[in-house]
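Just below is one structure, and these are the notes that go with it.
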Amino acid sequence: MLGRTANGTFWMARYLERAENTARLIEAGFRMALTRDAATAHEEWRSVITTVGQTGLFEELYGQDYAGDRVWNFLLRDKGNPGSVLAMIEAARSNARSVRTALTREVWEAVNETWMVLTEALSRPVREALLGQVLATIRRQATLVRGAFDGSMLRNEAYNFSRLGTFIERGDNTARILDVKYYVLLPSVAWVGSSLDNVQWESVLRSVAGDRAYRWLNAGAMDPRGIADFLLLDRRFPRSLHFCIDKLRSNLAGLAHEYGHESEAHELMRGLGTRFHETGIEGIFDFGLHEFIQDFIAANQQVAQAIERDYRFYA
Amino acid sequence: MSQSPSSYDEMFEADGTVRPAYAGYREWLHGQDSASLRRKGIEAESFFRRTGITFNVYGDTAGEERLIPFDMIPRIITAREWRKLTRGIEQRVRALNAFLHDIYHRQEIVRAGRVPQRLIAENAAYLPQMVGMVPPGGVYTHIVGIDLVRTGPDEFMVLEDNARTPSGVSYMLENRETMMAMFPELFTKVSVRPVQDYPRRLAKSLAACAPACAGDRPTVAVLTPGIYNSAYFEHAFLADQMGAELVEGSDLRVVDGRVAMRTTRGYTPVDVIYRRVDDEYLDPLTFNPNSALGVPGIMDIYRAGGITIANAPGTGIADDKAIYSFMPEIVEFYTGEKPLLQNVPTWRCSEKDSLAYVLDNLAELVVKEVHGSGGYGMLIGPTASKKEIAAFAQKLKAKPANYIAQPTLSLSTVPIFAKSGLAPRHVDLRPFVLVSPQGIDITPGGLTRVALKKGSLVVNSSQGGGTKDSWVLED
Chain X
1 MLGRTANGTF WMARYLERAE NTARLIEAGF RMALTRDAAT AHEEWRSVIT TVGQTGLFEE
61 LYGQDYAGDR VWNFLLRDKG NPGSVLAMIE AARSNARSVR TALTREVWEA VNETWMVLTE
121 ALSRPVREAL LGQVLATIRR QATLVRGAFD GSMLRNEAYN FSRLGTFIER GDNTARILDV
181 KYYVLLPSVA WVGSSLDNVQ WESVLRSVAG DRAYRWLNAG AMDPRGIADF LLLDRRFPRS
241 LHFCIDKLRS NLAGLAHEYG HESEAHELMR GLGTRFHETG IEGIFDFGLH EFIQDFIAAN
301 QQVAQAIERD YRFYA
Chain E
316 MSQSPSSYDE MFEADGTVRP AYAGYREWLH GQDSASLRRK GIEAESFFRR TGITFNVYGD
376 TAGEERLIPF DMIPRIITAR EWRKLTRGIE QRVRALNAFL HDIYHRQEIV RAGRVPQRLI
436 AENAAYLPQM VGMVPPGGVY THIVGIDLVR TGPDEFMVLE DNARTPSGVS YMLENRETMM
496 AMFPELFTKV SVRPVQDYPR RLAKSLAACA PACAGDRPTV AVLTPGIYNS AYFEHAFLAD
556 QMGAELVEGS DLRVVDGRVA MRTTRGYTPV DVIYRRVDDE YLDPLTFNPN SALGVPGIMD
616 IYRAGGITIA NAPGTGIADD KAIYSFMPEI VEFYTGEKPL LQNVPTWRCS EKDSLAYVLD
676 NLAELVVKEV HGSGGYGMLI GPTASKKEIA AFAQKLKAKP ANYIAQPTLS LSTVPIFAKS
736 GLAPRHVDLR PFVLVSPQGI DITPGGLTRV ALKKGSLVVN SSQGGGTKDS WVLED
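Chains as they are written, first to last, in this note's numbering: chain X, 1 to 315; chain E, 316 to 790.
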């Protein structure tokens with residue numbers, strides 16, 4: 001397959017994943033803001049912008065005005081924001097179009113429909129009353145693409161590159177959420193028995209769609225170590241870092257099998273996998289949660305860059 | 316039924332009886348209610364949008380991607396008509412290839428005084444780089460679209476030859492898909508010859524033109540200018556259907572004396588390039604130095620026999636409308652036969668007597684630029700205002716050799732499904748022809764373009780034309 005095609009499938013998946021994650025973040029932020037006073041709500045929206053790494057651009061445009069509707073419109077559809085959901089859906093579709101021959105008709109149509117539906121849904125500023133509906137539409141469209149992908153794609157290199165894009169992006173996203181919120185976890189780890197900020201907990205879990213899974217696994221008990229363990233290390237939870245790492249490894253293994261040899265990305269991935277395998281949650285807290293997450297984000301990024309080089313995405 | 320009594324309607328005779336070609340279809344149509352047909356029409360449109368069958372219109376950013384309107388009433392051709400057409404098309408395409416070979420070699424036709432030297436030497440589409448070289452397999456026009464118009468029961472004429480890069484074949488295929496999806500039972504009642512194996516035939520035909528250095532299974536790639544090109548959908552569609560790679564200029568480079576594409580495993584040689592990039596942009600080292608769409612050095616490899624370029628560079632000269640006017644002579648010169656398909660009578664404004672006639676009769680004529688395409692830059696006398704005609708006359712006098720003129724033809728009509736019911740509209744037909752050393756292969760059908768505006772003769776999609784499914788009936 002062409003290097004450019006590998007690039008296109010990889011980035012199509014990354015943009016779709018990032019668009020969906022942004023919608024989930026907004027959803028969690030919105031829920032938090034509804035249950036809090038105005039000042040806390042602003043803080044919550046600020047942390048949403050921090051999580052997506054858009055603080056500079058946002059403040060350049062709007063200063064310190066972290067009003068909810070401003071933030072979600074910025075994240076969803078602002079023309080000045082190249083990382084808006086709308087811009088990402090356009091980029092995903094544009095990538096899909098340029099690699100049309102590597103996708104099944106079902107996948108292409110799902111991506112194209114997603115673009116049509118969301119272009120329409122985001123053609124005007126989103127009012128508070130409609131926000132829930134718009135976010136649900138984004139989630140539903142992402143699910144549609146995922147379903148088409150899972151149900152129709154040949155398990156070949158195009159599939160592998162696309163899945164690599166999905167899990168590079170997803171791991172990065174979960175890590176960023178944790179990194180922005182780790183301060184919520186830390187004091188409660190230190191002061192065993194102190195009252196937990198349950199709503200904050202909920203928010204973190206909800207933004208990775210893990211609130212129900214976590215409650216089910218833990219019979220409703222909220223425990224900071226348990227939550228960190230769940231989001232970082234639980235290999236059953238599809239948005240945990242360890243789950244993403246497993247998927248990256250299996251898709252890289254698929255490529256190694258097809259190409260008959262490994263590359264630099266495999267080497268890097270093995271290092272990352274070993275680290276996760278050998279480090280328990282205690283070790284992570286001893287090492288420093290923030291440092292551990294920062295290390296992961298950097299390593300994940302290195303793997304992505306190695307994939308781009310090894311498989312000649314650009315040159 | 317027919318709106319102007321002089322034009323031939325393909326479905327109905329002048330007295331309203333149904334022609335034999337449409338008998339089966341008409342019977343089926345009687346059993347349909349118009350409300351459900353209308354609903355199907357809306358379904359078809361949303362189907363096209365969803366699947367992304369759109370074309371981009373240059374200089375129109377707001378409506379960047381548009382649909383070509385699809386009309387659900389098919390254009391039907393009988394087996395007998397088709398046999399006759401294919402014989403004429405085959406003869407013409409053979410002559411076109413012989414002509415192209417000749418003008419890049421000994422120019423016998425010029426020596427014989429049948430075509431003026433000036434028309435070739437001064438033509439921008441004539442490429443000196445092609446002189447003396449024989450493309451792999453000796454084929455110049457691997458894919459040809461012959462635009463036909465009909466003016467009477469047995470009168471088909473060639474309006475235009477598209478030897479450069481004929482487009483529209485994806486519509487031929489998608490229109491059939493759409494019809495079969497909307498009206499499956501119709502195809503059990505009427506026996507229509509299939510068109511769906513066109514991509515397979517194309518892949519086979521291109522592979523048969525591979526250069527000698529290719530292996531048993533030649534690597535074929537479709538070269539596209541990219542997603543912003545107006546026909547990108549078609550490029551992707553054909554590559555997909557052929558199982559070929561869809562490449563852009565940036566994916567290709569010359570490696571070890573071959574043109575190679577950058578794959579995830581490194582550079583792999585390409586044997587045949589079906590290029591949808593114009594000559595001018597093909598090789599920045601040879602043609603336009605600013606082109607980022609082509610491959611630096613590809614012409615050197617081509618001349619050394621390391622790759623097949625389809626269609627061959629320099630074939631565009633055959634699309635020139637001044638050359639077109641010589642097609643009857645060209646066919647006779649190379650085949651030794653009378654042309655089976657007629658040309659539309661054409662006045663070359665470069666000739667003094669013709670120019671005088673054209674200027675005197677502008678209001679009745681269609682005047683076209685010799686290098687023009689897409690329906691741009693032409694004058695349709697009968698529908699033009701006095702002012703437009705006067706302005707055009709000035710342009711014509713300033714550069715007469717730039718124009719040809721033809722009588723305003725009364726193109727045949729096929730009904731469209733309009734708001735008020737069936738309404739006749741003018742159509743043309745572009746069958747697609749594949750050429751390889753193994754022979755000439757014509758897919759039974761083609762692209763029928765239809766002028767959706769009442770009375771309009773301009774069928775180009777860039778000018779608001781639509782398309783129809785084109786049926787060739789089984790014997």
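Heads up, the beta-carbon is just placed ideally off N, CA and C, and yes, glycines get one too.
For clarity, every value in this text was computed on a predicted model and none was experimentally measured.
Output needed for residue i: all residues of its chain with C-beta closer than 7 Å, excluding positions within five of it in sequence on either side, in chain order.
i        : result
Glu328/E : Arg334
Pro643/E : Pro654 and Asn658
Ile731/E : Asp386, Ile388, Ala738, Arg740, Val765 and Leu767
Thr104/X : Ser152 and Met153
Tyr455/E : Asn412, Leu415, His416, Asn626, Ala627 and Thr630
In or out: residue i buried (at least 16 other Cβ within 10 Å) or exposed?
i        : result
Ile284/X : buried
Asp37/X  : exposed
Gln54/X  : buried
Lys355/E : buried
Asn477/E : buried
Pro82/X  : exposed
Val192/X : Unreliable positioning characterises Val192/X in this predicted model, as indicated by a pLDDT of 45, which lies under 50. A coordinate reading is not provided.
Asn73/X  : buried
Asn626/E : buried
Pro604/E : exposed
Gln318/E : Any reading at Gln318/E needs caution, since the residue's pLDDT is 44, under 50, leaving its predicted position unreliable; the model's value is listed next. Classification of Gln318/E: exposed, given that the 10 Å Cβ count is below 16.
Lys734/E : exposed
Val430/E : buried
Leu752/E : Note that residue 752/E corresponds to Pro in the displayed sequence, not to Leu. Counting Cβ neighbours within 10 Å, Pro752/E comes out exposed, since fewer than 16 surround it.
Arg407/E : buried
His242/X : buried
Gln778/E : exposed
Ser785/E : buried
Who are the near neighbours of residue i in its chain, counting only those whose CB is closer than 8 Å to its CB and skipping five residues on each side?
i        : result
Val659/E : Val464, Met472, Val473, Leu474, Gln721, Pro722 and Leu724
Asp172/X : Ile297, Asn300 and Gln301
Gly620/E : Pro451, Pro526, Ala527 and Cys528
Assuming residue i and residue j form a contact by the criterion Cβ under 8 Å, report the distance between their Cβ atoms to the nearest whole angstrom.
i        : j        : result
Glu157/X : Leu255/X : 6 Å
Val71/X  : Val85/X  : Not a contact, Cβ separation roughly 13 Å.
Ala28/X  : Ala41/X  : Going by Cβ atoms, the distance from Ala28/X to Ala41/X rounds to 13 Å, so no, they are not a contact pair.
Gly467/E : Leu656/E : Gly467/E to Leu656/E, Cβ: 14 Å. No contact.
Gly696/E : Val681/E : 7 Å
Ala315/X : Gly165/X : Incorrect: roughly 19 Å between the Cβ atoms, too far for contact.
How is the beta strand (DSSP E) around residue i delimited, first residue to last?
i        : result
Lys667/E : That residue, Lys667/E, is in no beta strand (DSSP E); its alpha helix (DSSP H) goes Lys667 to Asp675.
Lys783/E : Gly780 to Val787
Met472/E : Glu470 to Asn477
Met387/E : Phe385 to Ile392
Leu762/E : Leu762 to Ala766
Per the DSSP calculation, residue i is bridged to which residue(s)?
i        : result
Phe583/E : According to the sequence displayed, residue 583/E carries Thr and not Phe. Bridge partners of Thr583/E: Met576/E.
Ile588/E : Ala536/E and Ile624/E
Glu684/E : Tyr718/E
Ile757/E : Val748/E
Leu2/X   : Thr578/E
Gly171/X : Gly171/X is not bridged to any residue.
Ala436/E : In DSSP, Ala436/E forms no bridge with anything.
Asp324/E : Thr728/E
Asp743/E : Arg764/E
Where do the ends of the alpha helix (DSSP H) carrying residue i lie?
i        : result
His257/X : Leu241 to Tyr259
Pro224/X : Pro224 to Leu233
Val71/X  : Gly68 to Arg77
Leu86/X  : Val85 to Ser98
Pro697/E : Element bounds for Pro697/E: n/a, residue is neither H nor E.
Pro643/E : Met642 to Thr650
Leu352/E : Ser349 to Thr366
Leu131/X : Glu128 to Ser152
Once you ignore the five residues that flank residue i on each side, which residues in its own chain have a CB closer than 6 Å to its CB?
i        : result
Gly374/E : Residue placement at Gly374/E is flagged as unreliable, the pLDDT there being 44, under the threshold of 50; a coordinate-derived value is accordingly withheld.
Gly378/E : Below a pLDDT of 50, predicted positions are generally treated as unreliable, and Gly378/E, at 45, falls in that range; the measurement from the model is reported next regardless. For Gly378/E, where only same-chain residues beyond five positions count, there are no Cβ hits under 6 Å.
Ala716/E : Ser665
Leu268/X : Gln302, Val303 and Ala306
Tyr691/E : none
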